Every structure is written in structure tokens, then in C-alpha cells.
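Here's the structure, in C-alpha cells; my notes come after.
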Amino acid sequence: MNKRWKVFQHSSDYRFTPYIMAGDPCEEATIELSLALEECGAHALELGVPYSDPLADGPVIQRAGMRGLAQNMNLEKTVKLVAKLRERGLKIPVIIFTYYNLLLQLGENRFLKLAENSGVDGVLVPDLPYEESGYLQEMCSEHNLALISLVSPTTREEKLAKLSREAEGFLYCISSLGVTGVRSEFRAGLDDFLKAAKRNSRVPVLVGFGLSTREQIQQFDGSSDGFIVGSAIVKKIEELESDLLTNREEAIKTFKSYIESLLPVYSR
Amino acid sequence: MTTATVPDHRGRYGVFGGKYVPETIMFALEELETAFDEAIQDKEFNELFQKELAIYSGRPTPLTRADRLSEYNGGASIYLKREDLNHTGAHKINNAIGQALLAVRMGKKKIIAETGAGQHGVAAATVAAKYGLSCKVYMGKEDIRRQALNVFRMKLLGAEVIEVTSGSQTLKDATNEAIREWVAAVEDTFYLIGSAVGPYPYPKMVKQFQQVIGHETESQFKEIHYEKLPDAVVACVGGGSNAIGMFAPFIEKEVPLYGIEAAGMGVETAQHAATLSKGSNGVIHGSLTKLLQTSEGQITEPYSISAGLDYPGIGPEHAYLHETKRVTYEAVTDEEALQALKLLCENEGILCALESAHAVAYSLKLAKKMRKDQHVVVCLSGRGDKDVHTLMEFEEGGE
Ligand SMILES: Cc1ncc(COP(=O)(O)O)c(C=O)c1O
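The listed protein sequences correspond, in order, to chains A and B. Per the working numbering, the very first residue in the first sequence carries number 6; after that it's consecutive. Per the working numbering, the very first residue in the second sequence carries number 8; after that it's consecutive.
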């Protein structure tokens, strides 16, 4: 376990893990948005990779992916972007969120070597369920990377226990069925699911998918160790697109005050 | 032959296949696999399926000797397996009936489906009407425009057609969207997939429900030819469902098999759908298979005049049969398919689907090189009424 993960795991905060798309709306904006998120108190960062067929994502992140693709962003460049983030002083763990086909085409080994050397801490592959992840899991361990496990309210009890026990980095609990995207309501029985996950997990248990307001985030403090916000932040970035390209300083300021309005007061 | 052991218990055909899907639907795939395995062991289920194929779809479909076409072409004689005579006009209904009966057996009341040309959408809407299920069909915006007639048919049948505006707005995106909807509604919804693609157990299940094509062909051919087998069997390949159903009983026998992909404007151009000839290994719609993509792994848009072959992936079992060389895969251009369609029309009085015309075109080439006492069987997967508009546009624009 590397130093960055240790800091993340030993934190007593209600951990904030934002998701943004690499190259949305351009590479330099991604760098500055990441640094801004850390300044606002992010405990870790998920960096998405643009993909033509993002089966687990809703419209907001699909559009972000299209913007990233238009910038010719790809998996290799995303990993190299993390090296640049480290040079610019980013200290929190960074998780690459990529679909499996992109990994396959770059080559799993090539990706892992590059990721390890670029200061990446973890990998999350939304279309690679546990049953298909054996090889990547082994290779990740060799390269000191955490393969982040996703569990869902539909995950069977024994599987949930097993995945919780074996989780590395953090355990990603999906708040609701369906793809990524902002939601107004969550599933009944979610607390029981989170409790079951926490019972077995050695690492922080984070809840994600659909969170977009301070109230929603606060709702899971107590039943989880942290939260992931994706679509809501990506939507803000979409709104700020033209300023992020031409008037970046101003845009970053607006972005930060948005993030502050989102976070529970005590978590900053 | 080595094919008897696939798929393995993990749903693999060699390296191909598997389940590359979000964790949320993994339980549903397990549930489906269990229900499917139980159903096909159940005599009652099988009898019901056979009965529905007979009294609802009109099976068995005939095996027709194409006398004048064979005479005109020269060489081996050509036989047509008449899937075009099924209810709704294509082989797609075989699979739709099978999966709908399974959905009913599992107590699911809602089905969702993806469609490109609208043929599978129509088949899904049809069985939904017949078995009293609600039905949502996902269709790309571009395809809705191109296939207005089938959209109207689906609506007549009581289905809801959902316009997909993501990505390139065609079949690949409609399939993504259907899977997204399935992830959201997985607890009470049955995903009725339209070809031998998708995560395991779909490829196995679709083959099971389509193999009636091959089994009928085998016994019909044997009846005419005193227990002999055909000298070649040919089928078109989009996702691969009519082909895998036709090939099923012959894979373990010494019969040369040919799967025909769409070469569009030519495999040397960028405008084709020749997945096996030009694709590389990757993951699409939950399965590891061959697909058309960039070197970085972005899936590219295929092209064919025939909407049903216009798909950037292919069923994992075909990728395996290609790799093991058990089946020969060839590609046929738009131009060749159109010519074959006309020849079949003029010599046999049969207007086949543009998809099927690809198989006919290759059969003509193949038969020419064979002896007069040999026999080629072609799967005529569907009828061409749906394509009349495209044909008219082509005639007006092209000549
Ligand atoms: C008549 C007909 N044949 C063939 C196909 C291709 O599908 P598959 O390869 O699954 O048989 C289609 C698909 O729409 C079709 O409508």
C-alpha cells in the first residue's frame, strides 16, 4: 500500500472523491480542475478516459467523453496526464476510470507499467466484473496499483462479503441501479447494503452514482466513509466549458465556489 | 474436431465470449443462465417452443431447390432454406419466440430490445403482443429515419420505440442504450437480445433458439438425397444468429461452412462491415470478440447497404470458428449483393432481404467452382419487402 493510499485510508474525514473526464474541455483545464479539487478538500480523484461506447455512463458523462475524444484524449495520454499532475504538486490518490476495451488495446502490461511510473494509484474498470478480473487483479498487485471493486445493491450476499473483504484502495458502493447520472431519489434499503459492505471491508466504503446536492451527500455520512460525485461536477464543467478554454482563472474560481457549495461544511 | 467443448463454464469460446458488463447486471446473467439451462432440460418447455414455431411462425420452413438460378449460374445446384417464409419475414422470430417464452417462464412482464433495421424490433414487438408483455425497442435516430416502415409496424404492434441519440445513433448505440436501460430496470425486465452477441449466456441461448434452421435443413436435405449431407452451407453474418443456427448441426460434421460478411464498398475501403476480415480482438456489448475499432480502442462505425449486417462486432462463437478455421468467412460487396438479389428475383420469383442476398451472392461464386452433382445450401434469412425502399433509391440514384 503506497503512502497516498495510507493518508486516504487513515483520514478520519468523510472522504470526498470527485470524478472528472480527462481532456474535458482540454488537457490544461483537467490539470487545473484537479488541483482546484484538491484545494477544495478532495481526498482522491477519479479520472475518466473518453470512450466511444461508455455502457455504464449516462448522458452527462457521455457528452464529456465526446468532448475528450474531440481533444484526442486517450488512455495513454490520460496516464501521462497524471505524471504532469504529480509534477504540479497533486498529492491525493488518482484512480484511472477506463473501459476494458481501451485497456486491452493499449495492452494491460504496458498500461500498468506506465501507470506505476506516472504516479497512478488505482484503476477502475466499470465493465470488468469480478468474474473476469483475475488477470488484471494479479497484474495490478505486481505494479502496486489498487483495482477498485464496484458493488451494487443487486450484488449477492456472499459475493458482497467476499468483494468487501478483498477490496483495495476503497470499496465503491453503487447507490442505485442504472448508469451514472444525477438522481433525485435513492434506493430503499441502501443503508443496509452499505452496512453489509462496511462489516467486511478493511478499506473505506464510498458511496457513489447520482449524488448531486449537499443534502444527498450528508444523508450517507454515518453509513459510509466517503462519497463520489461525478455527473454533477462534470455538468458544472460543461456549463463552464467556454470559460475554461478562454478565461480559465475566472472559471476555476466559479468551479471552486460550486464545489464548496456541494460539500458538507464539516468535511472541508 | 475441437469445437465440442465450447462454451466452457465461464462462457468462453476459446478466448472469446465472457461477461464484460457492469456488476449491477451480473446477478441477472446468472439468473438467466440458470433459468435457461432448466428450461432447455424441460420437455414441456421444448414442446411448447416447437409448437409455437409450428403454429405461430409456420415452421418447418421449406428447403427449395433453385432450379432456374442453378441452371443459369452453372456448377453445383443451389438450395434455399426459406427463413423468409417465417411469420414477420425473417429468422429473427425463432429467437424472439424462444426468449419470450423464457421471459414468461421467469415471470418477467417487461421486455426491452435493440434494433438496427427494425427486423428484430418487429419480432420482439410481435412476441410481446402475443404473450402479453410490455415492450420497449431502442433504435438509433439515424435508423428510425431510414426504416420508417418498421418503426410504424412496431408501434402498430403496441411497442414503444425509443429514439437513441447517443454516439453515432445506429445499432451499436441502440444496443448500448438497451443495456443501460437493463442495468436500471434489471429487477423486473428481460433483455431480449436480437443476435448471437452480448454477454454469456446470450450467445449460447440465441444459438439454441436458432438451431432449428440447421436441424430442419439437415433432415430435409437427407430426405431428398438419401441420407447425404450438403457439400457446402452458406449464411450471411451480421451478429451471426441465422448463421450459427444454420451451422449448429453441421459444425461437428464434415461439411464446408461459409459465413458471409458485408464488404460494403469493398474491404479495402473504410466503408464496410467485415468484422472478421478486418477487425481485431476487443470488447463490445459485453463480450470479447472481433470488432472494428481504432488502434486506441474506439469502436468505429461500419457500413453496409444492408442495415442488418451493419454492425461493428460479431458473436463470439463466430470469432472462435474463424480462429479455429472451422468456418470460412468471406465478404461480399453491396454491388455483388444487389446483383444476386436481382438474379434470385428474376430466376426464382423470390425477393430476399439484402442481408440474405450477401449469402446468395457468395453461393453463386462457390457453386460455379463446384461439380454439377454437388449441392450448396444457402440460408435465405429473410424476405426483401423491408428493402424495397432502399432498392428503389439505389435504382434511381445509381443507374
Ligand atoms: C433478414 C436478416 N438476415 C440477417 C440478419 C443479420 O443478423 P444475424 O447475423 O444475427 O443473422 C438480419 C438482421 O437484421 C436480418 O434482418
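A virtual CB, placed ideally from N, CA and C, is assigned to each residue, including glycine. Just so you know, these numbers come straight off a predicted model, no measurement behind them.
Query                                                                                                                                                                         : Result
Give a yes or no on contact between the region 142-155 of chain B and the region 171-189 of chain B, applying the rule of three or more CB pairs nearer than 8 angstroms.     : yes
Helix, strand or coil for B/M146 per DSSP?                                                                                                                                    : strand
Would you say B/H127 touches ligand 1, meaning its beta carbon is less than 7 angstroms from a heavy atom?                                                                    : yes
Per DSSP, A/L129 forms a beta bridge with which residues?                                                                                                                     : A/F102
Is B/Q300 buried or exposed, if buried means 16 or more other CB atoms sit within 10 Å of its CB?                                                                             : buried
Which runs of the beta strand (DSSP E), 3 residues or longer, sit entirely within the region 164-203 of chain B?                                                              : 167-171, 196-198
Is B/T296 helix, strand or coil by DSSP?                                                                                                                                      : strand
Should A/L250 go down as buried or exposed, given a rule of 16 or more other Cβ atoms within 10 Å for buried?                                                                 : exposed
Regarding B/K99 and ligand 1, is the C-beta to nearest heavy atom distance less than 7 angstroms?                                                                             : yes
For B/S173, would you say it is in contact with chain A, using Cβ-to-Cβ distances shorter than 8 angstroms as the test?                                                       : yes
Rounded to whole angstroms, what is the Cα-Cα separation between B/L60 and A/I153?                                                                                            : 47 angstroms
Strictly below 9 angstroms CB to CB, what residues from chain A border B/R187?                                                                                                : L60, A61, D62, G63, G183, V184
Can you say whether A/R20 is buried or exposed, counting buried as having 16 or more other CB atoms within 10 angstroms of its CB?                                            : buried
Going by C-alpha to C-alpha distance, which of B/A364, B/V171, B/K376 sits closest to B/I312?                                                                                 : B/A364
Could you check whether the Cβ of B/G246 sits closer than 7 angstroms to any heavy atom belonging to ligand 1?                                                                : yes
Candidates B/L87, B/G82, B/I220: which alpha carbon is nearest B/S248's?                                                                                                      : B/I220
Return the chain-ordered list of same chain residues with a C-beta closer than 6 angstroms to the C-beta of B/A132, the five sequence neighbours on each side being excluded. : C142, M161, L164, A166
Within 10 Å of its beta-carbon, does B/M8 have 16 or more other beta-carbons around it, so buried, or fewer, so exposed?                                                      : Unreliable placement is indicated for B/M8, whose pLDDT of 46 sits below 50; no coordinate value is reported for it.
Just to confirm before moving on: does the CB-CB distance between A/Q14 and A/V208 stay below 8 angstroms?                                                                    : yes
Could you work out which residues of chain B lie near A/R161, taking near to mean beta carbons separated by less than 9 angstroms?                                            : M33, F34, E37
Tell me whether B/N93 counts as near ligand 1, meaning its Cβ is closer than 7 angstroms to at least one heavy atom of that ligand.                                           : no
Strictly by DSSP, which residues pair up with A/C178?                                                                                                                         : A/V156, A/V212
Measuring straight from C-alpha to C-alpha, what distance separates B/T411 and B/A103?                                                                                        : The shown model of chain B, from 8 to 406, leaves out residue 411 of chain B, and the question about it has no answer.
Compare the Cα-Cα distances from B/P256 to each of B/E54, B/A124, B/A366, B/P237 and report the closest residue.                                                              : B/P237
Tell me, to the nearest whole angstrom, how far the beta carbon of A/P131 is from that of A/A61; I am working on the premise that it is less than 8 angstroms.                : 4 angstroms
Is A/R91 closer than 8 angstroms to A/G124 when the C-beta atoms are compared?                                                                                                : yes
On the DSSP bridge list, what partners appear for B/I119?                                                                                                                     : B/K143, B/Y198
Hey, is B/G147 close to ligand 1, as in C-beta under 7 angstroms from one of its heavy atoms?                                                                                 : no
B/R89: buried (16+ other C-beta within 10 angstroms of its C-beta) or exposed?                                                                                                : buried
Below 7 angstroms, is the gap between the Cβ of B/C243 and the nearest heavy atom of ligand 1?                                                                                : yes
When the Cα atoms are used, what is the spatial distance from A/A193 to A/V210?                                                                                               : 18 angstroms
Determine whether the Cβ of A/P269 lies closer than 8 angstroms to any Cβ atom of chain B.                                                                                    : no
Give the residues of chain B in contact with A/E173, contact being defined as C-beta atoms less than 9 angstroms apart.                                                       : Simply none; closest approach about 16 angstroms.
Out of A/V54, A/N7, A/V12, A/A49, point me to the one whose CA is closest to A/P30's CA.                                                                                      : A/V54
Do we get a CB-CB distance below 8 angstroms when we pair A/Y140 with the residues of chain B?                                                                                : no
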